[in-house]
Structures are given as structure tokens and as C-alpha cells.
Amino acid sequence: ASAAATPRTAEEILETLRPLAAREARGARARLAQRDAQRCLILGRTRELAAEAAPTWVFPEEAPEAEMSADISGGPGPSSPPPPGLLRFAAHMLLFLQTALPEGGGLAPSGALHFHLNKIVNLYVVHLIAQRRYDLVPLYARHLRAPVLVETYSKFLALLAPASLETKTRVLREALLWIPMEDEGGVRAVLNKALDDSREVVDPLSGAPVGAAATRGPRHREDVLEWACVRAETHAEAATHACALVRQLCMGRTSAAVARENESRDLSATDDAHDDVLKTSSGEARARRVVAELLPADLQANAAEADAPGAAAELGDWAAYLSAAASLRAWRDAAKARDVAVAIAGA
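Numbering-wise, the working numbering comes out as the position in the sequence shown, counting from 1, plus 2.
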């Protein structure tokens with residue numbers, strides 16, 4: 003009877019040892035993951051490893067059904083993040099199996115198991131961003147499905163929007179080592195997504211700004227615009243976005259708004275707040291900075307040669323208008339200062 007109960011196959015042996023392995027790994031997610039991976043690899047159970055075992059290491063609170071219905075591009079991550087080493091192990095294991103198994107073992111982009119690889123690798127990319135391992139982000143992000151890559155990478159660029167031009171140049175250079183410029187999930191698509199997300203969206207009923215732009219404001223749009231100014235290949239996108247941004251900034255220049263601003267400047271011309279008023283960055287002043295300082299000198303020419311000749315021409319018109327408006331304001335301030343001086347002298 004004891005001989006008959008002796009396990010004779012690898013599967014029977016591993017099933018017999020499974021309770022022992024579970025007790026040994028109790029409270030240690032990494033050890034349990036190691037045992038699960040060994041069992042599935044020995045038995046050749048790629049589907050179980052990718053669809054059941056690995057997700058439970060990284061997302062222990064999720065059932066498989068809930069996982070399949072989750073929106074990985076915008077849904078929340080695990081409530082208790084896995085240890086970084088375990089997350090790295092899961093991502094590397096699935097990427098290795100995708101490369102080593104015939105036809106990717108179902109983990110190829112068109113395979114039935116790619117969803118699970120996509121979700122785990124996406125979380126690992128987010129982890130790399132949080133750890134500021136920016137040089138590794140494109141190396142792993144390139145394995146994501148195009149929509150998820152664009153969503154995650156555009157948020158990455160938005161996070162780094164306040165960074166210096168030097169940092170942005172380096173980040174884009176590193177991205178292009180692994181991700182093509184032209185593709186459904188290429189760098190151009192990522193930049194367009196980041197630019198679109200930075201726009202100020204207005205509620206049609208209340209007229210108030212909504213979404214992320216409501217709290218970030220025009221400065222964030224300027225910072226994101228700088229991403230598209232780094233390389234000549236994306237100057238057409240930069241010109242189009244710059245036109246929209248300048249229009250938004252100058253839209254408040256009505257006659258009533260100009261009168262109120264002039265009145266404020268006149269009232270403060272004789273007190274200590276005068277310099278503060280002059281230094282206030284109005285929408286028109288920000289627009290002038292965008293056109294005169296932020297945009298590269300060759301942007302209009304590159305945009306005209308690409309797909310945005312209209313935007314290039316509009317930027318030229320805005321530059322002329324903003325220069326004339328600045329000259330007019332300087333002339334008015336000088337005239338007002340002269341009148342105030344004459345009035346004081348006469349008193």
C-alpha cells in the first residue's frame with residue numbers, strides 16, 4: 003500500500019510537496035514565488051505561471067477575474083505594493099519566457115498571455131520612475147502594448163515637465179535608443195499625448211477649468227511644450243501646441259481687461275507696489291516669453307517644412323503682434339510716468 007502511494011511522476015512529487023512548500027513560505031511572498039516558479043517551470047505550465055502564479059505575487063488582493071477586467075492604463079495599482087525584488091523577478095521572468103519559448107509561449111504581443119506580462123511590466127516601469135531610474139524606463143516600456151506605453155510614458159514626461167532642458171534632452175535621447183519615433187507606440191505619439199493632456203479643458207456648463215490643467219495652469223503647458231522643442235522632428239507638434247497656448251494666454255486681452263490692467267498700473271505708479279505690478283506675469287507677457295524665448299530659433303522653419311505650415315505662419319503673426327503690444331505698453335508707461343512727474347513738480 004505504501005509503494006502504491008509513492009508518487010511516481012514529477013507532477014505527483016511536486017503536488018505532494020506543495021503543502022510543505024506553502025508552510026515553508028508562509029509570510030514570505032518571495033519564497034512562495036520561487037517555489038511556484040520552480041513547480042510551473044518543471045511541469046511546463048507556462049499558462050499557470052503567467053496567468054495565475056505571477057499575478058498573485060504582484061497583485062495578491064486581486065482575483066484573476068478582477069484582474070482581467072482591470073484597466074491597466076489608468077486603474078489603481080496593488081494596495082500593498084510587492085517587494086521591489088519580487089516585482090523585478092516577476093517582470094524579468096515573464097520577459098525571459100517571452101524570448102525563450104517558441105512563439106513567445108503565448109506571451110508575445112499577440113498572445114493570449116500578453117495581458118499579464120503587460121500589466122506586471124507596466125507596474126515595474128512605474129516602480130523605475132518612482133526610483134528615478136529614468137535610463138531604464140524605455141528599456142522596459144518598449145515591451146508594453148502601444149496604448150499602455152503611450153499612457154504611461156506621457157505621464158512620465160508630465161512628471162518631468164519642470165525639469166531642465168538638459169534633462170529633457172537626455173531623457174528623449176535615451177528613449178529613442180529603444181522606442182522608435184514613428185509608431186503607434188512611438189515617441190511622437192507619446193509627445194502628442196503629453197501635449198494634449200496638458201491643455202486646459204473647460205467645463206461647457208460652468209466655464210471653469212477641469213482636470214489636471216485646472217491645478218497646473220499655463221506654466222505646466224509651457225513646461226510640457228519644451229519636450230516637443232528638444233528635437234527638430236517634433237517642431238511641427240511644438241508649433242501647433244504653441245499656437246494653442248498663446249491663444250489661450252492672450253484670450254483675456256479684451257478692451258475691458260486692458261482698461262482694468264492700465265488702471266491698476268496707474269494707481270500703483272506712485273506707491274511701493276509699482277514694481278510688483280510691473281513684474282506681474284500677465285497672460286500677454288507669458289505669451290511673449292513663449293514666442294521669444296521658449297521656442298527655438300529654427301522652429302518656425304522646421305514646422306513650415308513639416309506638417310504645420312499654418313502654425314508656423316501663425317507664430318510669426320503672434321510674434322509681430324506681441325512685439326508691437328509690448329512697445330505700446332512701454333510707451334504708455336513712459337508717458338504716464340512723465341505726467342506723474344509733471345504733476346508732482348507742479349504741486
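Note that CB positions come from ideal geometry on N, CA and C, so glycine has one too. Values in this document were obtained by computation on a predicted structure and should not be read as measured data.
Margin query: At the level of alpha carbons, what is the spacing between V150 and L115?
Written below: If I take the Cα positions, the gap works out to 16 Å.
Checklist line | Helix, strand or coil at S71 according to DSSP, with G and I counted as helix | finding: Here S71 scores only 38 on pLDDT, less than 50, and its place in the model should not be relied on; the value that follows carries that caveat. Note: S71 maps to helix in three-state DSSP.
Next item on the list: Output the distance between the C-alpha atoms of A275 and I346, rounded to the nearest integer angstrom.
Entry: In this prediction, A275 has a pLDDT of 46, which is less than 50 and means its spatial position is unreliable; what the coordinates show is noted afterwards. Here the alpha carbons of I346 and A275 stand approximately 18 Å from one another.
Checklist line | Same chain, Cβ closer than 6 Å to D225, neighbours up to 5 away in sequence not counted | finding: If we look at D225 and ignore the five residues flanking it on each side, its Cβ neighbours are A163, P164.
Notebook entry, point to check: Alpha carbon to alpha carbon, what distance is there between P21 and P85?
Noted result: Whole-angstrom Cα-Cα distance: 24 Å.
Note to self: At the level of alpha carbons, what is the spacing between K338 and S329?
What the structure shows: Rounded to whole angstroms, K338 and S329 show a C-alpha spacing of 14 Å.
Check: How many Å lie between R290 and A246 at the Cα?
Finding: Take the alpha-carbon of R290 and the one of A246: they are about 14 Å apart.
Check: If you draw a straight line from the C-alpha of A362 to the C-alpha of F61, how long is it?
Finding: Residue 362 lies beyond the residue range present for the chain, which begins at 3 and ends at 349; the question has no answer from this structure.
Notebook entry, point to check: What did DSSP end up calling H145 once you bin it into helix, strand or coil?
Noted result: DSSP places H145 in coil when its eight states are reduced to three.
Next item on the list: Tell me, to the nearest whole angstrom, how far the beta carbon of D137 is from that of E168; I am working on the premise that it is less than 8 Å.
Entry: Your pair D137 and E168 does not check out as a contact, with CB atoms roughly 15 Å apart and the cut at 8 Å.
Notebook entry, point to check: If we ignore side chains and look at the alpha-carbon of each, how far apart do P83 and F117 end up?
Noted result: Annotation: P83 to F117 spans about 19 Å, alpha carbon to alpha carbon.
Notebook entry, point to check: If you draw a straight line from the C-alpha of M95 to the C-alpha of G187, how long is it?
Noted result: The alpha-carbon atoms of M95 and G187 are separated by roughly 23 Å.
Next item on the list: Starting from the C-beta of W59, find all residues in its chain whose C-beta is less than 7 Å away, skip the five residues before and the five after it, and write them out in chain order.
Entry: By the criterion of a C-beta distance shorter than 7 Å, W59 is surrounded in its chain by R31, A35, P84, L88, A92, once the five residues flanking it on both sides are discounted.
Next item on the list: Please state whether DSSP places A244 in a helix, a strand or coil.
Entry: Note: A244 maps to helix in three-state DSSP.
Notebook entry, point to check: Just how far apart, CA to CA, sit A191 and P111?
Noted result: Just so you know, the alpha carbons of A191 and P111 end up roughly 19 Å apart.
Checklist line | Closest residue to L103 among W180, T48, G285, V232 (Cα-Cα distance) | finding: Of the listed residues, the one whose Cα sits closest to L103 is T48.
Next item on the list: Reducing DSSP to helix, strand and coil, say where D185 ends up.
Entry: DSSP places D185 in coil when its eight states are reduced to three.
Checklist line | 8 Å contact criterion, which P220 and W180 should meet: CB distance rounded | finding: That belief does not hold up - the Cβ atoms of P220 and W180 are roughly 32 Å apart, past 8 Å.
Check: With distances taken between CB atoms, is the gap from L109 to A148 smaller than 8 Å?
Finding: No, the pair does not count as a contact, with Cβ atoms beyond the cut-off.
Item checked: Cβ neighbour criterion (16 or more within 10 Å) applied to L43 -> Here L43 is exposed, its C-beta having fewer than 16 other C-beta atoms within 10 Å.
Item checked: Contacting residues, own chain, Cβ-Cβ under 7 Å from A327 (five flanking each side not counted) -> Closer than 7 Å at Cβ, skipping near neighbours: E286.
Check: Looking only at its own chain, which residues have a Cβ that is under 6 Å from the Cβ of A230, when we skip the five neighbours before and after it?
Finding: Within the same chain, A230 has close Cβ partners L193, T236, E239, A240.
Next item on the list: Report yes if the CB atom of F98 is closer than 8 Å to the CB atom of I131, and no otherwise.
Entry: Judged by beta-carbon spacing, I131 lies beyond the 8 Å limit of F98, meaning their Cβ atoms are not closer than that value.
Item checked: Burial state of R340, where buried means 16 or more other Cβ atoms lie within 10 Å -> By the 10 Å Cβ count, R340 comes out exposed.
Note to self: Output needed for E316: all residues of its chain with C-beta closer than 7 Å, excluding positions within five of it in sequence on either side, in chain order.
What the structure shows: Contacts found: C245.
Next item on the list: Determine the DSSP secondary structure at D38, reduced to helix, strand or coil.
Entry: Residue state, collapsed to three classes: helix.
Notebook entry, point to check: With distances taken from CA atoms, which of L119, D198, N304, R172 is nearest V152?
Noted result: Nearest C-alpha to V152: D198.
Notebook entry, point to check: With C-beta atoms as the reference, is V248 less than 8 Å away from T171?
Noted result: Using a Cβ distance threshold of 8 Å, V248 and T171 do not count as a contacting pair.
Next item on the list: Assign V150 to one of three DSSP states: helix, strand, or coil.
Entry: Helix at V150.
Item checked: C-beta atoms of L251 and R288 nearer than 8 Å -> In this structure, L251 lies near R288, with their beta-carbon atoms less than 8 Å apart.
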